[in-house]
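First the structure, in the form of structure tokens, and then the observations on it.
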Amino acid sequence: MSSFIDYTVNGLVVGNIYALLAVGLALIFGVANLINFAHGSVYTFGAYIGWAAVTFLHTPLPVTMLIVFVACAGLGVVIERVGLRPLQGKARIAPLLATIGLSFVLDQLVQLVFSPDPRAVPSDLPDWRLAVGDGSIGAMDILIAAVGLASAALLYVFLRFTKLGFAVRATAQDREAAQQMGVNVDAVNSAVFAIASALGGLSGLLVGMYYNHIDPAMSFQATLKGVVAQVIGGVGNVPGAIVGSLLLGLTESYGIALLGTTYRNLFAFVLLIAFLLWLPNGLFGGRATIQSEPLVGSFIAPSRPIRLPRWAVAALALAAFALPLATSAPYLLQTLTNAWLAAMLALSLTLIAGTAGQISFGHAGLLAIGGYASALLALDLGAPPILSIPAAGLITAGLGALLVFPAFRLRGHYIAIATLAIGEIVSLVILNWEGLTGGAMGLTGIPPLSFLGQDIFSNRAIYWLCLAIVVSLAALQARFLNSHFGRTLRAVREDEIAARSYGIKLDRYKGLAFAFGGFGAGVSGAIAAHLYSYLNNQTFDSQLSLLALTMVILGGMGNVLGAIVGAVALVGLPELFRVAAEYRILIYGVVLLLLIRFRPQGLLGTV
Amino acid sequence: MSEALLRLDRVNTFYGPVQVHFDLSLQVGRGRIVSLLGGNASGKSTTMKIILGLLAPRSGTVEFDGARIDGWPTHRVIRAGIGSVPEARRIFPLMSVRENLLMGAYGRADRKAVGEDLERMLTLFPRVAERINQRAGVLSGGEQQMLAMARALMGRPRLILMDEPTMGLSPLFVDRVLELIAEINRQGVTVFMVEQNANLALQIAHEGYVLQTGRIVLQGAAALLRGDPRIREAYLGGAAAA
Ligand SMILES: Nc1ncnc2c1ncn2[C@@H]1O[C@H](COP(=O)(O)OP(=O)(O)OP(=O)(O)O)[C@@H](O)[C@H]1O
Ligand SMILES: [Mg+2]
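Read top to bottom, the protein sequences are chains A and B.
Going by numbering that gives the first Met the number 0, 414 is the number at position 415 of the first sequence; the sequence numbering is gapless.
Going by numbering that gives the first Met the number 0, 229 is the number at position 230 of the second sequence; the sequence numbering is gapless.
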């Protein structure tokens, strides 16, 4: 593949694949005001169903497509039932988090059933290519274009001329008014999820055939691409989603032509951030926009937090400090050390997402910045960890606040999308800035923790060090919450507009929250770097960000002790009980789903 | 009062911990125009939500045509023969006027009769007819009000609920809307309307109820209410404005 025409054809093909995803996301956003984070999982599911049909039943292509269509439509109905319908009337973020939980569950089930290994989807298409100028078009390209066009045409006819199509449009414009016309809006939601998921599944099947490769980890990126395409075209706008997808596909393809494949996603996310900042309503503007509301603020279910008396907290901390005296079991100590590192991340996130109400879906990006900063200071400048770790914390604080600064004026779902994208961008910059970060090869030989020239390898010492940092950060954060500053942050969370009218400088407060939170997360990433002695762009991936969010919700948004409890429960317990790795994500997903449905205030209550 | 088409009996409604209705009881006789009067935040729109099934009462019953409808989903209530002209009209702004009207007939299967009703609406509401192919969002407030009424009638309701149909309209449009409500009623549709402006509503209503912070404080024939000095005390809003 080399000519301009080839890149254009590739861009349009990929754009069509994105369009099949994005159109569904737009339909769902229209009727349900929800960004469906499980959409990529449906796409993966579709790819595997198609693979299974071809491999085991030797179905011809039209039959395979039909099977995928029907199976995914069914899955869509299930997602609506589990992720959306029981949460009606709850905070708008609730179904979004539920779809994240569902995506964990679905991806993990696919992985358990089909194994994590990549598969090739056999295609029975003829192997001819049509020469066009100095490029060519193959049968697969034509198939994908045909499916994309046919879907768009059918969707148009459906929305414009059928009764259900009318109901879908009416529900999207005004749900309550549609009900008052006799529309069963639950049935409409269900139908929309079925249609959207069927198209998403087809997209997965086509991708599998096009690249001759599918794997269970492809869901998340698919969701993100669909979201990016939607933001470009205007969230909830169906024709916009198609145009946005084609533009995204072309941008990526030309970008790859200029700079190489590893830049593909970077283009997508930079485009996303640019649109969020300058054209948040997309190219076609105006239409359904995300209603602004403090996102997590509204998820802070009113509750009376469970307050442990001071002596009980002190006793718990003492017990934790004393533990290594009672046992030296390396496995236990290492596991808890991991939990303390996770607790630093959770403390950071509970401050930002809970107390300040700025939901962050990209928090692992802060770990990565901290990890790389400390590793590079140690490797390139020979700084001892005792200096490089706090320095990494400070660098993360500054860089973290700086990176999200442009997103401060965003609200609602947009903050979630923006932080997600920023997290991805951090990881992609690490991947592509080879001169500094070693790219995909990563950094090796990061020196171990040391003190005054003495390397620290003892499990006990490392345990104590991490625990001491967690306790100090927690104590600091607790004081912070009860200060004028903490109260102001919560005021911003409850009502940004009112807070602004009192003359509160919002950006300064949010910036300080991110800086404080960035420091803790950066230190956590830095210590991890020295413990692992190896880092690459995938060490701190987006799944970790979502896991951190689950910890924080489990403990209770904004709750300092809750963050630590959440980290120990989700990182420590599965490890201690030696739950096999492939079941852990499943557990996280189920925990998230149950929490959102039955205990949104978390174990210890929101603060 | 003739036989009741709609009956609310000792309804108590809450938004979370806040009680909005206190033992609310009222009746709408078949073929009548009944008006629910009350100032801001007295619970008028919430009454509509209760009837429509958009909100469930904590206790009490709602009967329509002899059947208990509390607990029914909204679409079922509508299909049982109730039309709704919501507060602030709530037309579908991105759909054409024609599509809005067709949405009103959503629950009906008799395509041919729907076509005839569409023609009937266009003669009854000529302002709407002029704009049949335009996007509804560009219509003026008064035109949107006409459209919302025509849309509700497209479902061939036996009872039509109207929440402040004259709100925000110029005096000319207010008179026109009131005439149309009387006309709709003459054609056999029972009307239950919410109004802030007592003087206006009582011009066309047969009976009225006055709601004050969730309680019925006054009720009776419109002719009697019109002269009742307590209206002024019970509820200043409309009387003071008129
Ligand atoms: N969704 C809601 N959640 C909580 N409280 C509500 C909600 N809707 C209405 N209320 C409250 O219930 C009370 C009655 O509201 P309602 O809308 O029924 O009043 P209304 O008589 O229609 O007023 P208006 O003349 O302003 O339309 C008000 O105090 C209002 O603030
Ligand atoms: Mg009202």
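Virtual Cβ for every residue (Gly too), placed ideally from N, Cα, C.
By the neighbour-count definition (other C-beta atoms within 10 Å, threshold 16), N481/A is an exposed residue. If the five residues before and after M343/A are omitted, its C-beta is found closer than 7 Å to the C-beta atoms of I468, V469, L472, G519, A520, V522, S523, all from its own chain and listed in chain order. By alpha-carbon distance to A79/B, the top candidate from I159/B, Q211/B, A149/B, R119/B is I159/B.
In the same chain as R88/B, and ignoring 5 residues on each side of it, the C-beta atoms closer than 7 Å to its own belong to Q143, Q144, A147, in chain order. Scanning its chain for C-beta atoms nearer than 6 Å, with the 5 sequence neighbours on each side dropped, one finds around L448/A the residues P384, I455, H529, in chain order.
Beta-bridge partners of V209/B (DSSP): L36/B, L217/B.
Of the other Cβ atoms in all chains shown, 16 or more fall within 10 Å of the Cβ of T98/A; this residue is therefore buried. Taking 9 Å as the upper bound on Cβ-Cβ separation, chain B lies near no residue of the stretch 71-94 of chain A.
Legend: CB atoms of the stretch 39-61 of chain B lying less than 7 Å from CB atoms of chain A belong to residues L51, L53. Distances from the CA of D8/B to each of A104/B, V17/B, F21/B were compared; the closest alpha carbon is that of F21/B.
Contact between I586/A and V578/A holds: CB atoms are separated by about 7 Å, below the 8 Å threshold. Note on geometry: alpha-carbon atoms of A328/A and T336/A lie some 12 Å from one another. Taking all protein chains shown into account, T354/A has 16 or more neighbouring C-beta atoms within 10 Å of its C-beta and is therefore buried.
When Cβ-Cβ separations below 7 Å define contact, P85/B makes contact with chain A. Boundaries cannot be given for S41/B, as no alpha helix (DSSP H) includes it and DSSP labels it neither H nor E. Using a Cβ distance threshold of 7 Å, P215/A and P121/A do not count as a contacting pair. Comparing C-alpha distances from R126/B to each of G141/B, L117/B, A108/B, R225/B shows the shortest one belongs to G141/B. For D8/B, the uninterrupted beta strand (DSSP E) run begins and ends at 3-14, by DSSP.
Counting only heavy atoms of ligand 2, the residues whose C-beta sits closer than 7 Å to one of them are, along the chain, K43/B, S44/B, E86/B, D162/B, E163/B, V193/B. In the DSSP assignment, M208/A falls outside any beta strand (DSSP E) and within the unbroken alpha helix (DSSP H) covering 184-210. Note on E423/A: 16 or more other CB atoms within 10 angstroms of its CB, so buried under the neighbour-count rule. Remark: C-beta atoms of T487/A and G555/A do not approach each other more closely than 7 Å. Neighbours of G154/B in chain A, taken as residues at a C-beta separation under 9 Å, are given in chain order as M180, G181. If you draw a 10 Å sphere on the C-beta of H38/A, you find 16 or more other C-beta atoms in it, and that means buried.
Spatial neighbours of T73/B in its own chain (CB-CB distance under 6 Å, excluding positions within 5 residues in sequence) are listed in chain order as L51, G52, L53. Taking the C-beta atoms as reference points, T436/A is found nearer than 7 Å to I429/A. In the structure shown, E115/B falls within a helical segment according to DSSP collapsed to helix, strand and coil. For Q172/A, at least one C-beta of chain B is nearer than 7 Å to its own C-beta. Interface annotation, A25/A: not in contact with chain B, CB-CB separation never under 7 Å. Under the three-state reduction of DSSP, T60/B is assigned to strand. Within the stretch 85-106 of chain B, P85, R88, R89, I90, F91, P92, L93, M94, E98, N99, L101, M102, G103, A104, Y105, G106 place their CB atoms closer than 9 Å to a CB of chain A, listed in sequence order. Taking a contact as a CB-CB distance under 8 Å, the pair G37/B and Q218/B does not count as one, their CB atoms being some 12 Å apart. Excluding residues up to 5 positions away in sequence, I131, N132, Q133, R134, A135 lie with their Cβ nearer than 8 Å to the Cβ of S95/B in the same chain.
Taking every protein chain shown into account, the CB of Q87/A has fewer than 16 other CB atoms within 10 angstroms, so this residue is exposed. Using a Cβ distance threshold of 7 Å, V22/A and A240/A count as a contacting pair. When the five nearest sequence neighbours on each side are left out, the beta carbons in the same chain lying within less than 6 Å of the beta carbon of A193/A are those of A72, G75, V76, in order along the chain.
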